[in-house]
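For reference, the structure is listed below as structure tokens.
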Amino acid sequence: MTFLLECKKAKRIGFYPALIGSSILAAAIPILNIIIRGEIDVTASKSPLQGLLGANWQLMTMLNILFIAASASLLYHTEYADNAMQKLYTLPIHEGSVFYGKTLFISVMSLLTLTVEFSALAFCSYYWYTPENSFILELCQNFGYSLLLLLPCVVLALLISEFCQSMWMSLGICVVCVFIATMLPTDQFLLSLFPFALPFQMLDTAQTVPYLCAACTELLILIVTEKIAVKIRRSIS
Amino acid sequence: MNIIETQNLSKSYAEFHAVSGISLHIPKGSVYGFLGPNGAGKSTTMKLFLGLTQPTGGTFTVDGMQYPENRIPILKQIGSFIESPAFYGNLSGEENLDIIRKLLGLPKSAAAEALELVGLTSVRKRLAKKYSLGMKQRLGLAEALIGKPPILILDEPTNGLDPVGIHEIRELIRSLPQKWGCTVFVSSHLLTEIERMADIVGILNHGHLLFEGTLEQLKSTAIKKGYPTDNLEDTFLALVDADNRQSERGCMQ
Ligand SMILES: Nc1ncnc2c1ncn2[C@@H]1O[C@H](COP(=O)(O)OP(=O)(O)OP(=O)(O)O)[C@@H](O)[C@H]1O
Ligand SMILES: [Mg+2]
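Heads up: the protein sequence lines correspond to chains A and B, in order. For the first sequence, position 209 matches number 209 in the working numbering, and the numbering has no gaps at all. For the second sequence, position 234 matches number 234 in the working numbering, and the numbering has no gaps at all.
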């Protein structure tokens with residue numbers, strides 16, 4: 001139910017146009033890349049999909065995490081702008097429910113974005129290359145992996161937005177995080193664990209399991225942080 | 001029977017005492033007028049009841065339940081309006097109420113009833129950010145009234161309303177105990193306003209409770225202390241003034 005409420009609250013603030021715009025833009029990247037630069041040579045990679053991801057995933061992820069950062073700031077801005085948050089705290093609901101509702105909401109929206117993006121990748125694979133029979137399975141595995149690695153970034157962006165009541169402050173911090181993430185080398189395991197850097201990883205590396213474990217651990221840590229933060233905020237208010 | 005009771009309830013910010021050791025007794029089914037000048041601590045007291053801010057001393061019970069153990073059951077009993085109206089500017093008045101209705105688990109008709117009560121039915125489809133000041137105030141009140149809660153906490157509910165609106169809301173508040181059997185805890189700076197709605201008044205100044213009782217008791221107290229009584233506003237001013245002078249003297253010593 002909180003999910004449906006979040007869908008409603010996101011009306012008329014430019015969230016849905018931003019969702020559609022950023023999905024289409026990210027999905028257009030692999031297609032435009034081939035049209036403009038010509039077909040990528042995928043003979044060196046394991047499969048056409050890996051070749052396409054290698055050529056485009058960095059830029060597509062950048063758009064994804066910028067979208068997450070902007071929407072987290074925007075969603076909390078609507079809560080704080082006209083004091084709605086205070087009203088919610090006076091209702092008989094769990095104090096964390098707004099946060100979890102928003103986490104679920106942005107996660108589902110990210111799932112939609114990724115669906116559009118992976119559809120575009122599938123289209124490229126079929127149109128310009130001849131994928132093997134196992135292609136669908138490979139596509140789904142990559143999709144699931146990317147979605148999971150995106151979740152810590154969603155939760156961290158929401159945590160930042162929850163604590164900065166000004167939208168410009170949270171947006172600023174998130175954008176700085178995005179730029180730090182793009183500057184971190186993706187092949188250094190520890191550095192690439194930064195939640196905003198994690199989504200840049202692709203499934204083809206040998207470190208799939210460590211990254212999956214890392215993503216789950218980060219999610220857990222961030223959710224515990226939120227729980228502690230709620231307690232602290234209550235005790236100092 | 002008292003539906004809300006406080007025992008030496010206090011709230012301090014660093015060295016500053018916003019509310020100092022007040023013991024309120026709010027009888028069930030009454031309209032309790034909470035009176036005090038700017039900065040007296042009225043809103044702070046109300047926020048304490050709603051868990052928006054934490055007491056630094058003392059305790060309170062709502063319908064026999066202790067805070068903070070029973071935060072959610074306490075909040076289930078209370079409809080509130082604190083300081084300024086809270087809403088989502090990007091949603092219409094109706095959509096705003098619908099969100100609260102869903103969070104409270106109320107039937108669909110509850111939102112329409114609340115809009116009707118505050119007279120917003122005709123503009124329910126308009127976006128809340130396009131509402132006039134008075135309409136926003138009414139929307140805030142509708143959010144408090146939705147679902148007919150047994151306790152209403154209203155902080156300066158008639159702020160920004162026109163004379164007709166003030167009269168309407170006052171009559172509404174006055175009628176609620178009979179209509180729904182609810183208890184209203186309402187704050188104001190104006191004794192004339194409180195006088196017209198409240199059965200009992202509590203007067204607060206600098207976080208201290210100067211007086212608690214019926215208007216008749218207030219009059220007789222004033223006569224005893226030699227304050228003017230022909231106009232209750234003057235009584236109130238004299239009471240606050242005497243307290244201010246006393247605390248100034250206390251500071252100098
Ligand atoms: N978060 C805070 N930090 C420090 N001081 C605060 C805080 N909140 C309130 N105060 C102080 O507590 C005092 C009481 O404030 P409160 O809002 O309860 O007054 P009030 O009686 O509602 O006044 P008004 O009639 O103007 O609404 C004020 O002096 C205010 O400055
Ligand atoms: Mg106030």
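All C-beta atoms, glycine included, are put in the ideal place defined by N, C-alpha and C.
{"Check": "By the 10 Å Cβ neighbour count, where 16 or more other Cβ atoms means buried, how is aspartate 82 of chain A classified, buried or exposed?", "Outcome": "buried"}
{"Check": "Would you kindly work out how many angstroms separate the C-alpha atoms of glycine 213 of chain B and alanine 198 of chain B, rounded to a whole number?", "Outcome": "11 Å"}
{"Check": "I'd like to confirm something about glutamate 113 of chain B: is its beta-carbon nearer than 8 Å to some heavy atom of ligand 2, or not?", "Outcome": "no"}
{"Check": "Ligand 2 and serine 92 of chain B: does the residue's C-beta get closer than 8 Å to at least one heavy atom of that ligand?", "Outcome": "no"}
{"Check": "Rounded to whole angstroms, how far is the Cβ of phenylalanine 196 of chain A from the Cβ of isoleucine 221 of chain A, which I believe are closer than 8 Å?", "Outcome": "Actually they do not touch by this definition, with Cβ atoms about 15 Å apart."}
{"Check": "Threshold first: 4 residues or longer. Then list the alpha helix (DSSP H) segments lying entirely within the segment 76-126 of chain A, N to C.", "Outcome": "84-89"}
{"Check": "When you compare each of B/Lys102, B/Ile26, B/Leu237, B/Gly140 to lysine 9 of chain A by their alpha carbons, which one comes out closest?", "Outcome": "B/Lys102"}
{"Check": "Starting from asparagine 205 of chain B, follow its DSSP beta bridges and name the residues at the other end.", "Outcome": "B/His208"}
{"Check": "Could you name the residues of the same chain whose beta carbon sits closer than 7 Å to that of tyrosine 67 of chain B, not counting the 5 residues immediately before and after it, in chain order?", "Outcome": "Gly51, Phe60, Ile74"}
{"Check": "Taking only the alpha-carbon atoms, compute the straight-line gap between histidine 25 of chain B and leucine 48 of chain B and give it to the nearest angstrom.", "Outcome": "15 Å"}
{"Check": "Where do the ends of the beta strand (DSSP E) carrying alanine 306 of chain B lie?", "Outcome": "Since the first residue shown for chain B is 1 and the last is 253, residue 306 of chain B is missing from the structure and cannot be characterised."}
{"Check": "Give me the pocket residues for ligand 2, defined as CB within less than 7 Å of any heavy atom, sorted by chain position.", "Outcome": "B/Lys42, B/Ser43, B/Glu83, B/Asp155, B/Glu156, B/Ser187"}
{"Check": "Given a limit of 7 Å on CB to CB distance, which residues of the segment 80-114 of chain A reach chain B?", "Outcome": "Ala81, Asp82, Asn83, Ala84, Gln86, Lys87, Tyr89, Thr90, Leu91, Pro92, Ile93"}
{"Check": "Between tyrosine 211 of chain A and the rest of its own chain, which residues show a CB-CB distance below 6 Å, the 5 nearest in sequence each way excluded?", "Outcome": "Gln201"}
{"Check": "May I ask whether a heavy atom of ligand 1 can be found less than 8 Å away from the beta carbon of histidine 208 of chain B?", "Outcome": "no"}
{"Check": "If you follow the beta strand (DSSP E) that proline 27 of chain B is in, where does it begin and where does it stop?", "Outcome": "25-27"}
{"Check": "Quick check on DSSP: helix, strand or coil for glycine 250 of chain B?", "Outcome": "helix"}
{"Check": "Once DSSP output is grouped into helix, strand and coil, what is the label at threonine 235 of chain B?", "Outcome": "helix"}
{"Check": "Is any heavy atom in ligand 1 found nearer than 8 Å to the beta carbon of phenylalanine 105 of chain A?", "Outcome": "no"}
{"Check": "Would a C-beta distance cut-off of 9 Å place phenylalanine 117 of chain B and alanine 86 of chain B closer than the cut-off?", "Outcome": "Note that residue 117 of chain B is leucine in the sequence shown here, rather than phenylalanine. Cβ distance not < 9 Å, so leucine 117 of chain B and alanine 86 of chain B don't count as in contact."}
{"Check": "Round the Cβ separation of lysine 136 of chain B and asparagine 90 of chain B to the nearest angstrom and send it over; I've been treating them as touching at under 8 Å.", "Outcome": "Actually they do not touch by this definition, with Cβ atoms about 14 Å apart."}
{"Check": "Return the CA-CA distance between glutamate 218 of chain A and serine 146 of chain A, expressed in angstroms with no decimal places.", "Outcome": "15 Å"}
{"Check": "What residue does the beta strand (DSSP E) around tyrosine 16 of chain A start on, and which one ends it?", "Outcome": "Unbroken run through tyrosine 16 of chain A is the alpha helix (DSSP H), 15-37; no beta strand (DSSP E)."}
{"Check": "With distances taken between CB atoms, is the gap from serine 10 of chain B to threonine 56 of chain B smaller than 9 Å?", "Outcome": "yes"}
{"Check": "Using only alpha-carbon positions, find the residue among A/Ser22, A/Ile228, A/Leu75 that is nearest to cysteine 170 of chain A.", "Outcome": "Before going on, a small fix: residue 170 of chain A reads as serine here, not cysteine. Checking every option, the nearest Cα to that of serine 170 of chain A belongs to A/Leu75."}
{"Check": "For asparagine 90 of chain B, which residues in chain A fall below 7 Å Cβ to Cβ?", "Outcome": "Lys11, Arg12, Ile13, Thr78"}
{"Check": "Contact criterion: CB-CB distance below 9 Å. Does lysine 46 of chain A meet it with respect to chain B?", "Outcome": "no"}
{"Check": "Can you have a look at cysteine 182 of chain B and say buried or exposed, based on whether 16 or more other CB atoms are within 10 angstroms of its CB?", "Outcome": "buried"}
{"Check": "So with Cβ pairs under 9 Å, would you call lysine 227 of chain A a contact of chain B?", "Outcome": "no"}
{"Check": "With a threshold of 8 Å, establish whether the CB of threonine 45 of chain B neighbours any heavy atom of ligand 1.", "Outcome": "yes"}
{"Check": "Please report the distance separating the alpha-carbon of glutamate 117 of chain A from that of tyrosine 127 of chain A.", "Outcome": "15 Å"}
{"Check": "Check the DSSP bridge columns for tyrosine 32 of chain B and list the partner residues they point to.", "Outcome": "B/Phe185, B/Ile200"}
{"Check": "Find the nearest neighbour of isoleucine 24 of chain A within the set A/Ser45, A/Ala120, A/Thr78, judged by alpha-carbon distance.", "Outcome": "A/Ala120"}
{"Check": "Should leucine 171 of chain A be flagged as near chain B, meaning a C-beta pair shorter than 9 Å?", "Outcome": "no"}
{"Check": "With DSSP as the reference, identify every bridge partner of phenylalanine 60 of chain B, one or two as the case may be.", "Outcome": "B/Thr6"}
{"Check": "Classify aspartate 243 of chain B as helix, strand or coil using the three-state DSSP reduction.", "Outcome": "helix"}
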